[in-house]
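J.: Here's a structure for you.
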Amino acid sequence: MIQKLKNTFALKRLILLFGYVFLYAPIILIIIFSFNSTRYPGQWTGFSLKWFHALQQDEALMKSAWVSFQIAATSASLATGLATLAAIGMRRYKQFKGRTFFLGLSSSPLVMPEVVTGIALLLFFVSLERLTGWPKERGFMTITIVHTTLTFAYVFLIVRSRLSDFDHSLEEAAQDLGARGWKVLWCVTLPLILPSIISGWVLAFILSFDDVVLASMLSGPGSTTLPVVIFSSIRLGVNPQINALATILILASFILVFLSVILMRKNLNTKKSLKYGVYTNKALG
Numbered sequence: 189m190i191q192k193l194k195n196t197f198a199l200k201r202l203i204l205l206f207g208y209v210f211l212y213a214p215i216i217l218i219i220i221f222s223f224n225s226t227r228y229p230g231q232w233t234g235f236s237l238k239w240f241h242a243l244q245q246d247e248a249l250m251k252s253a254w255v256s257f258q259i260a261a262t263s264a265s266l267a268t269g270l271a272t273l274a275a276i277g278m279r280r281y282k283q284f285k286g287r288t289f290f291l292g293l294s295s296s297p298l299v300m301p302e303v304v305t306g307i308a309l310l311l312f313f314v315s316l317e318r319l320t321g322w323p324k325e326r327g328f329m330t331i332t333i334v335h336t337t338l339t340f341a342y343v344f345l346i347v348r349s350r351l352s353d354f355d356h357s358l359e360e361a362a363q364d365l366g367a368r369g370w371k372v373l374w375c376v377t378l379p380l381i382l383p384s385i386i387s388g389w390v391l392a393f394i395l396s397f398d399d400v401v402l403a404s405m406l407s408g409p410g411s412t413t414l415p416v417v418i419f420s421s422i423r424l425g426v427n428p429q430i431n432a433l434a435t436i437l438i439l440a441s442f443i444l445v446f447l448s449v450i451l452m453r454k455n456l457n458t459k460k461s462l463k464y465g466v467y468t469n470k471a472l473g
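For any residue, its number in the working numbering is found by taking its place in the sequence shown, counting from 1, and adding 188.
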């Protein structure tokens with residue numbers, strides 16, 4: 189029996205190890221070959237930083253990266269703000285006409301294929317241009333609107349799930365102390381759900397930055413995003429400058445995750461302090 193348990197445990201560890209290798213080996217290879225002196229993959233000829241210097245001279249990649257960053261930051265911020273307000277509103281007003289319809293509508297981007305969404309929105313913008321003259325051309329604005337619509341559902345789901353187990357006694361304590369309305373929302377509710385808001389923003393940013401299908405359908409002159417440029421250039425062969433750019437993005441992702449973890453721990457300590465204050469207040473009362 190003990191031997192059987194040991195074999196099962198060893199098998200689970202082997203499967204876990206295989207999963208880690210499958211997930212992280214490609215990332216490690218990209219980082220390694222971004223410092224390779226030759227442009228040919230699979231052949232290490234020496235350490236070099238020339239592809240990072242060449243990346244600075246590649247105007248197409250740098251411009252598309254900046255466009256992607258602007259679109260992702262704008263759409264993630266809009267989606268996070270709207271989704272957070274919607275989730276808070278759904279929690280406070282649990283019964284209203286059209287609630288089920290709104291929940292289904294807000295969750296539809298999660299199950300809708302991106303190709304179908306892209307075609308539908310493309311036809312929508314074309315029809316809108318014919319009727320009103322706006323938008324005159326597809327570009328930054330259209331992609332931002334589409335990405336905001338797409339990522340809204342993800343942020344709404346994350347924030348709403350956090351609010352489902354929210355401790356209402358903290359808001360009640362703030363109201364007992366004289367806080368009202370927006371003061372409770374700003375000083376109590378938002379700080380306590382801040383980790384979920386940050387998580388939603390990061391997820392929305394990544395989804396927008398990584399999108400190819402919708403961006404390729406709705407982009408215009410001067411608004412080509414980085415994934416579209418990479419997807420187009422990869423057909424001609426692997427560009428080592430893309431490896432260098434990927435290494436920078438991976439490093440930025442790790443830094444962002446590290447800062448998020450620090451902020452979440454700080455917020456957790458704040459939450460514990462608030463709970464302790466509430467319970468102490470009740471005990472003294």
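Glycine included, every Cβ here is placed at the ideal spot set by N, Cα and C.
Remember, it's a predicted structure, so these values are computed and weren't measured experimentally.
For the alpha helix (DSSP H) containing residue 235, list its first residue and its last residue.
T.: Looking at the DSSP string, residue 235 is not in any alpha helix (DSSP H), and its letter there is neither H nor E.
J.: According to DSSP, residue 224 sits in a beta bridge with which residue or residues?
T.: Beta-bridge annotation (DSSP): residue 224 is paired with 235.
J.: What residue does the alpha helix (DSSP H) around residue 294 start on, and which one ends it?
T.: 287-299
J.: I'd like the ranges of any alpha helix (DSSP H) spanning at least 4 consecutive residues and lying wholly in the stretch 394-431.
T.: 401-406 and 414-421
J.: Assuming residue 337 is part of the alpha helix (DSSP H), what are its boundary residues?
T.: 328-352
J.: Helix or strand or just coil, what does DSSP make of residue 379?
T.: helix
J.: Whole angstroms is fine: what's the gap from residue 337's alpha carbon to residue 297's?
T.: Residue 337 and residue 297 have their alpha carbons spaced roughly 8 Å apart.
J.: Kindly list the residues whose CB is nearer than 8 Å to the CB of residue 402, restricted to its own chain and excluding five residues on each side of it in sequence; keep chain order.
T.: 302, 305, 306, 309, 331, 334, 335 and 338
J.: Under 8 Å between the Cβ atoms of residue 432 and residue 217?
T.: no
J.: Just to confirm, is the Cβ distance from residue 326 to residue 382 under 8 Å?
T.: no
J.: In three-state DSSP terms, what is residue 368?
T.: coil
J.: Suppose contacts are defined by Cβ-Cβ distances below 8 Å. Is residue 261 in contact with residue 393 by that definition?
T.: Yes; because the gap between Cβ atoms is below 8 Å, this pair is in contact.
J.: Could you check the C-alpha separation between residue 345 and residue 284 for me, to the nearest Å?
T.: 19 Å
J.: Tell me, please, whether the stretch 208-223 touches the stretch 367-384 by the rule of three or more beta-carbon pairs shorter than 8 Å.
T.: no
J.: For residue 271 and residue 281, I'd like the C-alpha separation in whole angstroms.
T.: 15 Å
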